[in-house]
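Working notes, structure below.
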Amino acid sequence: MPEERRRNHHPPGSRLGCWAGVILLAAIAGCGSAPTTEDASTRTPATPTLAVSAPSLPPSPTDPLALCEVIDPEEPVLELSIEAQSFAFDTEVIDGIRHCQPFAIQFTNLDRPSGSITHEHNIFIRLDNVLGTLVYEGETIGTGDIRYEVPGLPAGTHYFYCSLHAGVMNGDLLVEDA
Ligand SMILES: [Cu+2]
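Start counting the sequence shown at 2; every next residue gets the next number (this note's numbering).
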């Protein structure tokens, strides 16, 4: 019997709560809509400013490597080799690569651990110069060697470097026109 009374007691209470909630929601919605409309109308004068600034933005950059995506699958991969020793590459210029020709770099790191400065090296490549788009990140290795397989790059003078010692390990990567 006590349980029956409890069961009877609850429904009216919760129904009342429900109605109170609906009324409250309606009140919030009613209050909320007015300022929103005002906001929209006050914001309207700002729109021309946005329209003016939009054309000054640089055009959306296209993927520089997309240019070389359609290549002859028979195109031979150019094999190159580079050594690193005493925190220097054995060349300051990589050349002989043709426009969009994929190439491979057999990279040998002859430096050995000494002190706290890392002896590990890698080869990164950026289009055009040190500030250009990063188009290749070769895996960092300690003493030993690794083969980097680089996709074709558009013709131009690009920039290669070791990301860990960029100030002293860098050079030009030349890709010829045809
Ligand atoms: Cu390095």
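For each residue, glycine too, the CB sits at the ideal point set by N, CA and C.
Since the model is a prediction, treat every value here as computed from it, not as a measurement.
- Straight through space, the alpha carbons of Gly116 and Ala67 are spaced by roughly 43 Å.
- Note that the C-beta distance between Asp112 and Ser87 is below 8 Å.
- Assigned with DSSP and collapsed to three states, Leu68 falls in helix.
- When distances are taken from the beta-carbon of Phe108 to the heavy atoms of ligand 1, even the shortest one reaches 7 Å or more.
- Between Asp178 and the set Met170, Gly139, Asp96, Glu84, the nearest pair of CA atoms involves Asp96.
- Not one heavy atom of ligand 1 sits closer than 7 Å to the Cβ of Phe125.
- The residue from Cys69, Gly157, Glu150, Leu154 with its alpha-carbon nearest to that of Asn123 is Glu150.
- DSSP places Ala105 inside the beta strand (DSSP E), whose first and last residues are 104-110.
- In this structure, the C-beta of Leu66 stays at least 7 Å away from each heavy atom of ligand 1.
- Rounded to the nearest whole angstrom, the C-alpha separation of Asp129 and Pro114 is 33 Å.
- Around the C-beta of Val176, 16 or more other C-beta atoms lie within 10 Å, and the residue is accordingly described as buried.
- With distances taken between CA atoms, Ser164 lies nearest to Glu140 out of Glu140, Gln102, Glu76.
- Non-local beta-carbon contacts of Tyr137 in its own chain, meaning distances under 7 Å to residues more than five positions away in sequence, involve Phe125, Ile126, Val151 in chain order.
- The DSSP-derived three-state label of Asp96 is strand.
- Here the alpha carbons of Gly157 and Arg148 stand approximately 23 Å from one another.
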